[in-house]
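Asker: Each number in our numbering comes from the position in the sequence shown (counting from 1) with 1 added on. C-beta atoms are modelled at their ideal positions from N, C-alpha and C, and glycine is treated no differently. All figures in this text were calculated on a predicted structure; none of them were measured in a lab. This structure is in structure tokens; I'll ask about it shortly.
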Amino acid sequence: FFLDQRENRQRVSLLAKSRDVLNVFSHSGGFSVYAAVAGARSTTDVDISPLALEEARRNMALNPAAQSCKHQLIKADAFEWLSGHDGRYDIVIIDPPSLARRAAEKPAAINSYIRLVRSGLKLLRPGGLLVAASCTAHVPSEEFFSLAKEVVNRSGRKVKTIETHLHASDHLAHIPEANYLKAIYFRLGN
């Protein structure tokens, strides 16, 4: 269930009421469940794993407060789906698995993050929120935040950085590799 994202899920839930939420790399649907319980109008989970999507369906069903939310499951490669989809959402969450398990994979991971942030921005409605997260230890938080901001600034759209977050306070990291989680929130102008 990736409990390390619980605080980001709580933040998203505070903003989800009456919103259409897209959860990319949804895994077991944690962000979607939080959004649905908070009153989201709809949630869409995109993941390549049918097992993960079944778990997302099950997690949604286990939460009676989420039953009024329309919940859609899409089995697809997230990169392909994002590049071919033209829908519009109020909140887009992009939380991929680690994109670089070794230092040699870092350049490809950076290119993937650039592509993901660019694609996520295109799917936002005016006033929408983009949450871009990374759990790639080989891409430090400062570098991840900087590249995400650069993509946003180059988009030609009016976008404001709202906040950035790292691990929860109960996640003690005594070695650099343990500082893997980071998330940045952007608000698209009207």
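(1) So, Tyr90 versus Cys136, is the Cβ gap smaller than 7 Å?
(2) Can you tell me whether Gln73 is buried or exposed? The criterion is at least 16 other CB atoms within 10 Å of its CB, across all chains shown.
(3) So, is Leu63 buried or exposed, given that buried needs 16 or more other C-beta atoms within 10 angstroms?
(4) Since Tyr90 sits in a beta bridge, which residues does DSSP pair it with?
(5) Taking DSSP as the reference, what is the three-state secondary structure of Tyr181?
(6) Note the first and the last residue of the continuous alpha helix (DSSP H) segment covering Ser147.
(7) According to DSSP, is Arg188 helix, strand or coil?
Answerer: Considering the structure as presented:
(1) no
(2) exposed
(3) exposed
(4) Leu125
(5) coil
(6) 142-155
(7) Three-state result, Arg188: strand.
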